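Numbering (the numbering used here), first residue to last: 3 to 428.
Quick reminder that beta carbons are idealized off the backbone N, C-alpha and C, glycines included.
Given the structure is predicted, the values throughout are model-derived calculations rather than measurements.
Have a look at the structure below before the remarks.
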Ligand SMILES: Cc1cc2nc3c(=O)[nH]c(=O)nc-3n(C[C@H](O)[C@H](O)[C@H](O)COP(=O)(O)OP(=O)(O)OC[C@H]3O[C@@H](n4cnc5c(N)ncnc54)[C@H](O)[C@@H]3O)c2cc1C
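Encoded structure:
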């Protein structure tokens, strides 16, 4: 569809169904005030554009820097430093509606919030992140944060991961990865490698009986990473260093049940459905994740429930005045804040072009990045595009573990996040 046709379609929708301009109507409505929503809001209201009428609908009064939760779980970062009040990151010129969206009505250019109010828009940006489905693993909700079952995938539990690692006295430590898309595909491995390194330094790891395959489950003290894939990292260049780390990896299995009190985990073979039970002494769970229900059941969703956008322009494929980015979108790249950093300026440029009646020329190439923490003080900085081609920032081989990249991950990236990205500086 051409931009002209798109504009006509939008204008055609400016009918009696749409909430009339007023307090419940904004030029741009952004759903979600997380990494993507705040970055876009800040860029949209910067400089000459600071009179653009932008509203962010966000129910939470806390904003998180989630990438540091890996380091929190490894005891290398302060939990409190990963959280700031939402009010502190909300751009000054933006209207903050502190409530949740429950429904999209894109044919009427409005969203409905939990209190039943319709908020109308000329342009919509969906940036509501993904949802963690704790219920999809039987017994997980009941045992997470207890029984040495931990996860870095929430602010409330990342601190407990470090407690489990610190108190581990030997035995079996399991690190899981679920089927399907997750935030930061490398995070389940990173915490495994940090724990592994910690156990080695503490002298526990050398009791280990490490090998390949289920034959070694019987005894010894080891860390084991269970994931449903056949390789720890799908981009070959960065998979090699990960494979060289001596943790036992059980491919093709995912966690389906935890019996916390008995310290038993049940895994299912993704190919033949066979189940096996493993005893554990500590377990880090990466929970199943997916699109939030209010998106999945909306007209904006694709067949899998993610917001259906063009992978280059980030414009919705059926509703031209709708855009999406970040974890809630169906962009076929790994779901990271780093990807959002490159998506946001493309979205903002195309949105402004649409507003001005110009063609959408900005293109997103699928860039994403994963600072793969391989041990304390060492990081492999993976950066690649939609096709898995490396898109590296530095003039050296980034597949090598480096101390400088650890410094980047631990010290520089958080500063760039709070003071650069969230302020609208690309
Ligand atoms: C353990 C861990 C490690 C990670 N490591 C890295 C890393 O090393 N590098 C990296 O780049 N990325 C990493 N990430 C991923 C990164 O944090 C996410 O990809 C990024 O936050 C996505 O931004 P988003 O805005 O799409 O979602 P979020 O930042 O999650 O924001 C979504 C927002 O939408 C709001 N929302 C939800 N429902 C509604 C509703 N109904 N109405 C309105 N608002 C709603 C939420 O409250 C939230 O504020 C990691 C994540 C985790 C959990």
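- Taking the Cβ of residue 62 as the reference point, at least one heavy atom of ligand 1 falls within a distance shorter than 6 Å.
- The alpha helix (DSSP H) runs of length 4 or more contained entirely in the stretch 86–168 are, from start to end of the chain, 88–91 and 142–145.
- In terms of Cβ geometry, residue 370 and residue 335 form a close pair [threshold 7 Å].
- In the three-state scheme derived from DSSP, where H, G and I count as helix and E and B as strand, residue 204 is classed as helix.
- Taking each of 386, 390, 388 and 377 in turn and checking the Cα distance to residue 77, the smallest one comes out for 377.
- Cα atoms of residue 72 and residue 186: separation of roughly 10 Å, rounded to the nearest angstrom.
- Per DSSP, residue 178 is one residue of the beta strand (DSSP E) stretching across 174–178.
- For residue 112, the CB stays at least 6 Å from every heavy atom of ligand 1.
- Fully contained in the stretch 32–65 are the following alpha helix (DSSP H) runs of length 4 or more, in chain order: 37–46.
- In this structure, residue 239 lies near residue 392, with their beta-carbon atoms less than 7 Å apart.
- Annotation for residue 260: the continuous beta strand (DSSP E) segment containing it runs 255–261.
- Between residue 174 and residue 282, the CB-CB gap stays under 7 Å.
- When the beta-carbon positions are compared, residue 413 and residue 366 stay at least 7 Å from each other.
- Inter-residue distance for residue 50 and residue 85 is about 30 Å (C-alpha atoms, whole angstroms).
- Distance from the CA atom of residue 123 to the CA atom of residue 30, rounded to whole angstroms, is 6 Å.
- Remark: the C-beta of residue 289 is outside contact range of ligand 1, defined as less than 6 Å to any heavy atom.
- Assigned with DSSP and collapsed to three states, residue 82 falls in helix.
- Residue 250 sits in a strand when the DSSP states are folded into three classes.
- Per the C-alpha coordinates, the member of 28, 37, 251 and 26 positioned closest to residue 344 is 37.
- The residue among 263, 279, 265 and 257 with its C-alpha nearest the C-alpha of residue 272 is 257.
- Per DSSP, the beta bridge partners of residue 384 are 372.
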